[in-house]
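Chemist:
2 protein chains.
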Amino acid sequence: MRIDIQLLPYPPDPGLLSNRSVVVIDVLRATSVVVHALSRGALEIIPVETVEEAFRKTKAFSPGTVLTGGERHSRKIEGFDLGNSPREYLPEVVRGKRIILTTTNGTRAFHFVSGGKEVMAASFLNIDSTANRCMELRNDLLIFLSGDEGCFSLEDAVCGGMLIDRICRKGKVFTLTDASLAAHVLFQRFESNLLEALQSSSHGKDLMQLGLEDDLAYCAQTDLFPLVPVFRNGVIKAQ
Amino acid sequence: MRIDIQLLPYPPDPGLLSNRSVVVIDVLRATSVVVHALSRGALEIIPVETVEEAFRKTKAFSPGTVLTGGERHSRKIEGFDLGNSPREYLPEVVRGKRIILTTTNGTRAFHFVSGGKEVMAASFLNIDSTANRCMELRNDLLIFLSGDEGCFSLEDAVCGGMLIDRICRKGKVFTLTDASLAAHVLFQRFESNLLEALQSSSHGKDLMQLGLEDDLAYCAQTDLFPLVPVFRNGVIKAQ
Chain A
6 MRIDIQLLPY PPDPGLLSNR SVVVIDVLRA TSVVVHALSR GALEIIPVET
56 VEEAFRKTKA FSPGTVLTGG ERHSRKIEGF DLGNSPREYL PEVVRGKRII
106 LTTTNGTRAF HFVSGGKEVM AASFLNIDST ANRCMELRND LLIFLSGDEG
156 CFSLEDAVCG GMLIDRICRK GKVFTLTDAS LAAHVLFQRF ESNLLEALQS
206 SSHGKDLMQL GLEDDLAYCA QTDLFPLVPV FRNGVIKAQ
Chain B
6 MRIDIQLLPY PPDPGLLSNR SVVVIDVLRA TSVVVHALSR GALEIIPVET
56 VEEAFRKTKA FSPGTVLTGG ERHSRKIEGF DLGNSPREYL PEVVRGKRII
106 LTTTNGTRAF HFVSGGKEVM AASFLNIDST ANRCMELRND LLIFLSGDEG
156 CFSLEDAVCG GMLIDRICRK GKVFTLTDAS LAAHVLFQRF ESNLLEALQS
206 SSHGKDLMQL GLEDDLAYCA QTDLFPLVPV FRNGVIKAQ
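From first to last, the protein sequence lines are chains A and B. Following our numbering from start to finish, the first sequence increments by one per residue and tops out at 244. Following our numbering from start to finish, the second sequence increments by one per residue and tops out at 244.
This is the structure we're talking about:
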């Protein structure tokens, strides 16, 4: 099993995707929101790229069954039901609901890798479940970092490195690319204090300036939920 | 001064280059060859992208004044004077000569960033001189990693991280991007044994399989030469 990690968020060669498992990571905050919301009983999440598409999509469903969520410039979008803080996605709000989600980096990432054999969403919140699922699937793996407005993001790489670490500890022999080795080193550097990685990152600093430091603390927690969101036919559901 | 590092070898936005210093790194082996050859008295180095271009370019100069060098699949190119091992570029061979160089990753990198305000070549062999020159220039800095056939390469990132480390130790306040922070962490991991980084990397392993382990040991040495190669108008010369 070969483990590669794409450090920058550009569309991968579709030919490389078709026989690989793909794990999308956007720790701050799209995949943390996805994992949290599904664990709180949301029916499914539909990632869309634009605000207009979110509003249009909402109309396709019965009123009261769908919520809009996401951010632009890290803030809640005008007219949306929810922002991009996992903590907003309370059980009493999301249970049984379909969520149309649009964020700057994460939702685009799912569409970039939609050709993957199995496309999953990971954050620190479900890292061990994701590692187990990757092992079960036995495909070569591509970890896709959503990044920060087209740039490399530290917290996503550390999370990708943690996924590699968890998989490798499960005892098989894996081939790691240079990028995978690098992500593993980054994880080892921040292993004893994952929150430090989030606080050191450019996007983490932006969120702290907006008073969202509680989101960083929340998203730095590991293995809160034994759940693997899977993206298939444009929709993310719990495995 | 802002220090960024591009982790993957694709052409940067030209608008971002025009007021930045750019440092190209290809530890294994193009920029190590460039630094070594210029330190051994080569007049200048002309990086070209194709073998055909190398042969064509050679004809523009008087016989006996020019040498061809480089590799394809890490091996010397048929009909070329020199391969891509720094150790081949002996003083008695290269002194006063112009070298037409074509390699898989490094020579292309120079052309990607030719719009930089000042474009330099660095390897471990000249890392401290490069750091000093970047400080003198006072421009924002982009470190450009040549990579390995389009992919991230560990040894280049560690070298970029060492350049960041050296600059930051010189006592000014710098802004580091997430990518710069990550490269610095990678350098710190391998600081006590740079050769290990080269031996762990995918390209390093390929070279070892070809019996070129001595090139790794050579290229892992730091600060052998107090020289900064500068790429200007298609030609690399010692600063």
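We put the beta carbon where it would ideally sit given N, CA and C, even for glycine.
1) If you measure from the beta carbon of cysteine 156 (chain A) to each beta carbon in chain B, is any gap under 8 Å?
2) Using only CA atoms, which one of B:Arg7, B:Thr73, B:Ser67, B:Arg45 lies nearest to glutamate 58 (chain B)?
3) Check whether the Cβ atoms of valine 124 (chain A) and valine 29 (chain A) lie closer than 8 Å to each other.
4) Do you know whose CA, among B:Gly121, B:Ala243, B:Gly46, B:Leu217, lies nearest glutamate 76 (chain B)'s CA?
5) What does the alpha-carbon distance come out to for the pair threonine 36 (chain B) and proline 234 (chain B)?
6) Nearest by alpha-carbon distance to valine 240 (chain B): which of B:Glu49, B:Glu141, B:Gly209 is it?
7) Less than 8 Å between the CB atoms is what I'm expecting for valine 118 (chain B) and phenylalanine 149 (chain B), so what's the real figure, rounded?
8) Would you say aspartate 220 (chain A) reaches chain B, if we count a Cβ-Cβ gap shorter than 8 Å as a contact?
9) How would you list, in chain order, the residues of chain B whose beta-carbon sits under 9 Å from the beta-carbon of leucine 12 (chain A)?
10) Taking 8 Å as the threshold (beta carbon to beta carbon), is leucine 191 (chain B) in contact with chain A?
11) According to DSSP, simplified to helix, strand and coil, what is phenylalanine 7 (chain B)?
12) For the segment 194-209 of chain B, which residues have a CB atom closer than 7 Å to at least one CB atom of chain A, in sequence order?
13) Let me make sure I understand the geometry here. Which of B:Pro19, B:Arg61, B:Glu201 has the alpha-carbon closest to that of threonine 107 (chain B)?
14) Spell out the partners DSSP gives lysine 64 (chain A) in its beta bridges.
15) For the 8 Å Cβ check, are there 3 or more pairs between the segment 220-233 of chain A and the segment 197-205 of chain A?
16) Quick check: serine 206 (chain A) and leucine 159 (chain A), are their CB atoms within less than 8 Å of each other?
17) With a threshold of 8 Å between beta carbons, is alanine 35 (chain A) in contact with chain B?
18) Please give me, in chain order, every unbroken run of the alpha helix (DSSP H) with length at least 4 that falls completely inside the segment 77-125 of chain B.
19) Need the endpoints of the alpha helix (DSSP H) that glutamate 54 (chain B) sits in, please.
20) Compare the Cα-Cα distances from isoleucine 132 (chain B) to each of B:Ile105, B:Asn144, B:Thr109, B:Cys164 and report the closest residue.
21) From the beta carbon of alanine 162 (chain B), is the nearest beta carbon of chain A less than 8 Å away?
22) Take isoleucine 10 (chain A) and list the residues in its own chain whose beta-carbon comes closer than 6 Å to its own, dropping the five residues that flank it on each side.
23) Report, in whole angstroms, the separation of the C-beta atoms of serine 212 (chain A) and leucine 221 (chain A), which I expect to be a contact under 8 Å.
24) Distance check for alanine 126 (chain B) and valine 39 (chain B), CA to CA, integer angstroms please.
Modeler: So, from the listed chains and residues:
1) yes
2) B:Thr73
3) yes
4) B:Leu217
5) 9 Å
6) B:Glu49
7) 5 Å
8) no
9) Leu12, Leu13, Phe157, Ala184, Ala187
10) yes
11) The sequence shown places arginine at residue 7 (chain B), not phenylalanine. It is a strand residue.
12) Arg194, Ser205, Ser206, Ser207
13) B:Arg61
14) Answer is none; lysine 64 (chain A) lacks a bridge partner.
15) yes
16) yes
17) no
18) 96-99, 111-117
19) Looking at the DSSP string, glutamate 54 (chain B) is not in any alpha helix (DSSP H), and its letter there is neither H nor E.
20) B:Cys164
21) yes
22) Ile148, Gly165, Ala184, Ser185, Ala188
23) Checking the sequence, you will find leucine at residue 212 (chain A) rather than serine. With 8 Å as the limit, leucine 212 (chain A) and leucine 221 (chain A) qualify as a contact, their Cβ atoms being about 6 Å apart.
24) 8 Å
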